[in-house]
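Below: the structure, in C-alpha cells.
There are 2 protein chains.
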Amino acid sequence: MLKAQRKRTDYTRWFRDVTLMAEVYDYRVLVKGCGVWPGYGFKLRNNVLNIIKSLLDATGHEECLFPLLIPQSLLAKEGEHIRSFEKEVFWVTKGGETELEEKLALRPTSETVIMPMFKLWIQSHTDLPKKVYQVVSVFRYETKATHPMIRVREVTMFKEAHTAHATYEDAERQVKEAIEIYRKFFDELSIPYVISKRPVWDKFAGAVYTISFDTLMPEGRTLQIGTVHNLGQNFSKPFEVEFLKPDGSRDYVYTTSYGVSERVIAALISIHGDDHGLLLPPKVAPIQVVIVPIPYKGKEREVYEASRKLYETLKEVGVRVKLDDRDDVTPGEKFYFWELKGVPVRVEIGPKDLEGGTVTLSRRDTLERTRHPVEELEVKVKELFKEIERSLSERSWREFREHLIYVNTLEEAKELVAKQEGIIHVAWCGSDDCGLKLESEVQGRVLGTPLDEKVEGKCVVCGENASYYVRLAKTY
Amino acid sequence: MLKAQRKRTDYTRWFRDVTLMAEVYDYRVLVKGCGVWPGYGFKLRNNVLNIIKSLLDATGHEECLFPLLIPQSLLAKEGEHIRSFEKEVFWVTKGGETELEEKLALRPTSETVIMPMFKLWIQSHTDLPKKVYQVVSVFRYETKATHPMIRVREVTMFKEAHTAHATYEDAERQVKEAIEIYRKFFDELSIPYVISKRPVWDKFAGAVYTISFDTLMPEGRTLQIGTVHNLGQNFSKPFEVEFLKPDGSRDYVYTTSYGVSERVIAALISIHGDDHGLLLPPKVAPIQVVIVPIPYKGKEREVYEASRKLYETLKEVGVRVKLDDRDDVTPGEKFYFWELKGVPVRVEIGPKDLEGGTVTLSRRDTLERTRHPVEELEVKVKELFKEIERSLSERSWREFREHLIYVNTLEEAKELVAKQEGIIHVAWCGSDDCGLKLESEVQGRVLGTPLDEKVEGKCVVCGENASYYVRLAKTY
Numbered sequence: 001m002l003k004a005q006r007k008r009t010d011y012t013r014w015f016r017d018v019t020l021m022a023e024v025y026d027y028r029v030l031v032k033g034c035g036v037w038p039g040y041g042f043k044l045r046n047n048v049l050n051i052i053k054s055l056l057d058a059t060g061h062e063e064c065l066f067p068l069l070i071p072q073s074l075l076a077k078e079g080e081h082i083r084s085f086e087k088e089v090f091w092v093t094k095g096g097e098t099e100l101e102e103k104l105a106l107r108p109t110s111e112t113v114i115m116p117m118f119k120l121w122i123q124s125h126t127d128l129p130k131k132v133y134q135v136v137s138v139f140r141y142e143t144k145a146t147h148p149m150i151r152v153r154e155v156t157m158f159k160e161a162h163t164a165h166a167t168y169e170d171a172e173r174q175v176k177e178a179i180e181i182y183r184k185f186f187d188e189l190s191i192p193y194v195i196s197k198r199p200v201w202d203k204f205a206g207a208v209y210t211i212s213f214d215t216l217m218p219e220g221r222t223l224q225i226g227t228v229h230n231l232g233q234n235f236s237k238p239f240e241v242e243f244l245k246p247d248g249s250r251d252y253v254y255t256t257s258y259g260v261s262e263r264v265i266a267a268l269i270s271i272h273g274d275d276h277g278l279l280l281p282p283k284v285a286p287i288q289v290v291i292v293p294i295p296y297k298g299k300e301r302e303v304y305e306a307s308r309k310l311y312e313t314l315k316e317v318g319v320r321v322k323l324d325d326r327d328d329v330t331p332g333e334k335f336y337f338w339e340l341k342g343v344p345v346r347v348e349i350g351p352k353d354l355e356g357g358t359v360t361l362s363r364r365d366t367l368e369r370t371r372h373p374v375e376e377l378e379v380k381v382k383e384l385f386k387e388i389e390r391s392l393s394e395r396s397w398r399e400f401r402e403h404l405i406y407v408n409t410l411e412e413a414k415e416l417v418a419k420q421e422g423i424i425h426v427a428w429c430g431s432d433d434c435g436l437k438l439e440s441e442v443q444g445r446v447l448g449t450p451l452d453e454k455v456e457g458k459c460v461v462c463g464e465n466a467s468y469y470v471r472l473a474k475t476y
Numbered sequence: 477m478l479k480a481q482r483k484r485t486d487y488t489r490w491f492r493d494v495t496l497m498a499e500v501y502d503y504r505v506l507v508k509g510c511g512v513w514p515g516y517g518f519k520l521r522n523n524v525l526n527i528i529k530s531l532l533d534a535t536g537h538e539e540c541l542f543p544l545l546i547p548q549s550l551l552a553k554e555g556e557h558i559r560s561f562e563k564e565v566f567w568v569t570k571g572g573e574t575e576l577e578e579k580l581a582l583r584p585t586s587e588t589v590i591m592p593m594f595k596l597w598i599q600s601h602t603d604l605p606k607k608v609y610q611v612v613s614v615f616r617y618e619t620k621a622t623h624p625m626i627r628v629r630e631v632t633m634f635k636e637a638h639t640a641h642a643t644y645e646d647a648e649r650q651v652k653e654a655i656e657i658y659r660k661f662f663d664e665l666s667i668p669y670v671i672s673k674r675p676v677w678d679k680f681a682g683a684v685y686t687i688s689f690d691t692l693m694p695e696g697r698t699l700q701i702g703t704v705h706n707l708g709q710n711f712s713k714p715f716e717v718e719f720l721k722p723d724g725s726r727d728y729v730y731t732t733s734y735g736v737s738e739r740v741i742a743a744l745i746s747i748h749g750d751d752h753g754l755l756l757p758p759k760v761a762p763i764q765v766v767i768v769p770i771p772y773k774g775k776e777r778e779v780y781e782a783s784r785k786l787y788e789t790l791k792e793v794g795v796r797v798k799l800d801d802r803d804d805v806t807p808g809e810k811f812y813f814w815e816l817k818g819v820p821v822r823v824e825i826g827p828k829d830l831e832g833g834t835v836t837l838s839r840r841d842t843l844e845r846t847r848h849p850v851e852e853l854e855v856k857v858k859e860l861f862k863e864i865e866r867s868l869s870e871r872s873w874r875e876f877r878e879h880l881i882y883v884n885t886l887e888e889a890k891e892l893v894a895k896q897e898g899i900i901h902v903a904w905c906g907s908d909d910c911g912l913k914l915e916s917e918v919q920g921r922v923l924g925t926p927l928d929e930k931v932e933g934k935c936v937v938c939g940e941n942a943s944y945y946v947r948l949a950k951t952y
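From first to last, the protein sequence lines stand for chains A and B. Letter 254 of the first sequence, counting from 1, is numbered 254 in the numbering used here, and no numbers are missing. Basically the numbering used here = 1-based index in the second sequence + 476.
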C-alpha cells in the first residue's frame, strides 16, 4: 500500500499515510484542523522538544506556563497585532449558558498575555534580561485547506520564547542568540534551511522586523519552520512595561519573541523519509535499534536467548532498543514494519550468526547490511548512529543546495517558481513596490533577503542598482 | 510580611502569598480563574509530573495528545455526561468574524474526544487493553469564587488516563491498578489521603462508580486530589467502540478514566509548608540544596573557593544544587529567601568550618543545624533527604489521622463538621435518602464510603442496620 505512494510523485498522500501508519500523527479528522498524537508520535515529539529545551535552558531561558484565554481588550492593546489576528482567532463567547461580558480569544501567540506579567515581574534594570518560554497549543481559525501538522487549527507544539531587555542593542543580541539556537536545533535534526529577513509586508504583526527559517519540502514548496521577531518597544509601550535604569530614569523594555512548532516534525519526516516510510535520525528516534530474531528450525531457543542478551547489552548502555520477539509475525513482516516506523538500525540474529558469533546490522538509510563479531555490537551500533546522522545531514543539505538557484531575469524566475524548482534568488532594489510586483509576477512569495549575502547587479523589476538578493518560492 | 500570615490562622492568604513570593504560581489575575506558572513553579510541577508519568509508563500507559476543541455533537453523545457539563463548559462560537456552524467546547475532560479515536484504534481483543494518558489544560466555567490552583477556570495540569478493556472484570482490575498508582504517587509526595467510593449522587457524570482520593487542608476542609472512574460501557456504546472477541462475536469495550491535577501541588504546598514558607520534599524540590557562603573579613576568597568546591561535589553526584554567591545580600537574607522557597537542605560554610574542615547543614523541616566533616558532605546530604522525607510523611500522616474521627450520633457529626474538625465517620444504612439527609443535616458533604472498612451498627439517620461507614466533611 505505502510503497505505491511514492514520496516524490504524491507527497501529500505519502505524508498523510506514512504518519498515520507509523503511528506518529492521526489526522482522520475528529475536529477539522486538529490532529491526534498517538504514543509513538508523542515520543518523537518529546525527543525533538528535549533538544530545543536544552538549548533554551542552557542560554538562561526559563520554562513557564501562561493562560490560554486572552480577553479581547488585552489582545487589542497593540493595534497592528490585533488587526492581523482578529480574522483568524477563535473566540470563546459563552460560559455554560451565559454570554460572557468580554469575549476571550484562544491564544494565537502569547505576547499579549505575557506582557502584563512582564509588567509585574520587571521593575528595574537588574531584572533584565528576562527570558521565558513555553510549549503550548495555539489556535488559528484557518479557512484555507488544512494540511496535517503544517496548516492546522490547533498547533499543538508551539514553543514560543519571549524576552525583555534594557536596550535595543541587547534585544538585537538576543535576536542573534535566537538565530544561533535555531541553527543548532535544525542542525541536530539534519534539516537544511535558509535564513531570511522577511519583507516588511510579511513580518509578524507588531514586530520591527522578522527573521525566518525556511526549508524545502519534497514537492518544491518552502515551509517556514521558525521565526524570530524583534519587537522593539511596540508591545512594551501599550502594555506599559517600564523599568528603572541605573541612572534613575525610566524606559520601556525592548522585547523579542521567537517560535517553532510541529512543522519541524513535518519537515523532519518529509525530508528524511522515503518510500519505505519514516527515516528518523537516531538522536530523536523513539526506538533507535530493533532486534529481530531469525529463528530457524531446531535453533529457536538459542536464537531467542541470544536476542535477549543483545537486547540487555544495548539497553544497559542507554540505547533505546526494542526486541521484537512476536512469534506470529515473520521476520520479513517485521523488517517492513520497523522500516515504516523509521527505526535507524536493525539487528538480526539467525543460526548462521549464532554459529559464527556474529550479528547482522542493517541501516535504515541505505538498507545496507553488514555482519560483525557480537562483541563489537555496541561499538558498531554507535558508529552507525553517527554515520547515519552524518549521511542524512550531508544528503539533505546537498539536495537542498541544488535547489537554491540564482537567476538574472524575471522570466527565468517566473518559470522556475512555477515549476517549484526550489528557492529562486534574483537581484532586488529593496523597494516594497518592486517586491510586491515580484510576488504577483512570479505567482509566488518573497521569502525575504539573506542576512549576509550581498549582490551587485540590477533589480530584475525596475532595473535600478540592487544591493540585495531576494528569495522567491511557492510556499505553504 | 509573610511571617505575620500564619498558615493556620489565615490559610487562604498564606497560600496566595507563599506561592506568589516563592515564585511558584502567580494569581494576580490576568484572566479570571487562570494562573501563571513562573520558572520555579514550573520546575516543581515537572518534578511532580515526572513521578506520575514514570508510574504510568511502567504500567503500560502511553502518553498521547488529543485535541482541545470538542464539537457539541461529540460532547453530547453520552447523555448524563453532557447534562452535567453543559452548564460549566466554555464554548467557542466564532472563528474570526464568522459564526461557527457547530459550537466547540473547550474540553472539560476528554472522554468524548478519546472514544472516537478508540473506535479507530481498537478492532479486536488483541488490541486490548488500551491504556493512554495526556497532561493538558482543561476548562471549567466556574461561577463560584475561584481559589488559586484549587478552583480555577483553566486547570493547567490535568493528567487524565483513559483505558479500554475486553471485559468488565478487566476494567475492575484497571480501577485497582489506578488506585495503586495514585497511592504510590501520593506516598512519594508524603500527602496523606483517604480513599472513598463516592455516593451515586456525586459520581463522575457517565460513570458506573467513582473512587476518590481526598486529603485534608490546613483549615479542616477536604480536597479531592484524584479520582478513578469505572465507566463500564456507558461511553463505548454511544460511541460504538466495538471489538471482535476471540469467539468471533462482537462486544463494546469497557472503559475507565482517572485523573489528577495541580490540586496535588496545592496539597503538597499546604500540607508541608509552614510560616517560613514552602517546605518541599527533596524528591520534587527544584533546588534540593543551597550553599550559602559566610564570608568573613580577610577570608572571603577562601570561603568562596570552598563553597564552589562543595557545589561541584554535589553537582557531580546529581544533586540539584544552587550556590548563592550574591555579594549584595547578607547570609541572613539568603537564609530567609531559601527557606521561603522551601529548599530542603542548606549548606553553610564560614571561616570556622574552613579551619575545622567542616560544613554546617541546616534542614528546612526542623531548622536544625549540624556540623559535619567536609568529606561526609555527600553522605550526610543524602541521609538528610531521606530523613526529611520520612519525617514529612510521618508528621503529615500523624496529623491527618488525628482528624479521622468516628462518632455515634448525628449531633456529634453535625458539631464536628461545623467546626471543620476533619473527616467525620458515622454508620450509614447505605440508602440515598439517608445520605442526602446527612448532607443537609451536617451542612457538609458525603465523601463516600471506605473501600474496606466495614461496620456493624445503626444508621445515624434512620436507625436501620448499617454495614457502611460514611465520611462527612466540609469540602472545597
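Don't be surprised by glycine CBs; every beta carbon is placed ideally from N, CA and C.
Interface residue (Cβ-Cβ distance to chain B less than 7 Å): residue 119 of chain A is not classified as such. A Cβ of chain A is located within less than 7 Å of the beta carbon of residue 632 of chain B. Put simply, the backbone Cα of residue 421 of chain A is about 6 Å away from that of residue 220 of chain A. CA-CA distance, residue 445 of chain A to residue 212 of chain A, rounds to 13 Å. In terms of CA proximity to residue 600 of chain B, B/720 leads the group B/726, B/505, B/720, B/567. By the Cβ-count criterion, residue 87 of chain A is exposed, with fewer than 16 other Cβ atoms from all chains shown falling within 10 Å of its own Cβ. For the set B/608, B/573, B/659, B/865, the Cα lying nearest the Cα of residue 589 of chain B is the one of B/608. Residues of chain B whose Cβ lies closer than 8 Å to the Cβ of residue 28 of chain A are, in chain order, 596. Close to residue 571 of chain B, with beta-carbon spacing below 7 Å, are these residues of chain A in chain order: 90, 141. Bounds of the alpha helix (DSSP H) holding residue 661 of chain B are 644-664. For chain A, the residues of the stretch 531-549 of chain B that bring a beta carbon within less than 8 Å of one of its beta carbons are 538, 539, 540, 541, 542, 543, 544, 545, 546, 547, in chain order.
Neighbours of residue 87 of chain A across chain B, judged by C-beta separation under 7 Å: 572, 573.
Nearest Cα to residue 862 of chain B within the set B/821, B/625, B/900: B/821. Using a Cβ distance threshold of 7 Å, residue 223 of chain A and residue 476 of chain A count as a contacting pair. By the Cβ criterion, the stretch 102-119 of chain A is in contact with the stretch 64-72 of chain A, since at least three pairs of Cβ atoms, one from each stretch, lie closer than 8 Å. Ranking A/348, A/43, A/376, A/357 by CA distance to the CA of residue 368 of chain A puts A/348 first. Bounds of the alpha helix (DSSP H) holding residue 381 of chain A are 377-402. In this structure, DSSP gives residue 320 of chain A a state outside helix and strand, which the three-state scheme calls coil. In terms of beta-carbon proximity, residue 138 of chain A stays away from the interface with chain B, with every pair separated by 7 Å or more.
In the three-state reduction of the DSSP assignment, residue 434 of chain A falls in the helix class, which pools H, G and I. The beta-carbon of residue 584 of chain B is placed no less than 7 Å from the nearest beta-carbon of chain A.
Taking CB atoms only, residue 253 of chain A has no neighbour in chain B less than 7 Å away. Rounded to the nearest angstrom, the gap between the Cα atoms of residue 815 of chain B and residue 784 of chain B is 21 Å.
Setting aside the 5 residues that flank it on each side, residue 931 of chain B is surrounded in the same chain by 903, 942, 943, 944, 945, each with a C-beta closer than 8 Å to its C-beta; the list follows chain order.
In this chain, the beta strand (DSSP E) harbouring residue 503 of chain B covers 502-507. Taken in chain order, the complete beta strand (DSSP E) segments of 3 or more residues contained in the stretch 284-357 of chain A are 289-293, 321-323, 345-349. Inter-residue distance for residue 360 of chain A and residue 352 of chain A is about 10 Å (C-alpha atoms, whole angstroms). If you draw a 10 Å sphere on the C-beta of residue 253 of chain A, you find 16 or more other C-beta atoms in it, and that means buried. Along the stretch 508-529 of chain B, going in chain order, the ones with a CB nearer than 7 Å to a CB of chain A are 510, 512, 513, 514, 515, 518. For a Cβ distance threshold of 8 Å, residue set 30, 31 of chain A lies close to residue 589 of chain B, ordered along the chain. Within the same chain, and ignoring the five residues on either side of residue 791 of chain B in sequence, the residues whose Cβ sits closer than 8 Å to its Cβ are 797. Sequence-distant Cβ neighbours of residue 311 of chain A in its own chain, meaning closer than 7 Å and more than five residues away, are 291, 321, 323. Contact between the stretch 559-578 of chain B and the stretch 612-619 of chain B is present: 3 or more CB-CB pairs across the two stretches fall below 8 Å. The Cβ neighbour count for residue 884 of chain B, taken over all protein chains shown within 10 Å, is under 16; the residue is labelled exposed. Within the same chain, Cβ atoms closer than 8 Å to the Cβ of residue 879 of chain B are found at 692, 696, 897, 898, 899, the five residues on either side in sequence being excluded. The beta carbon of residue 116 of chain A falls within 7 Å of a beta carbon belonging to chain B, placing the residue at that interface.
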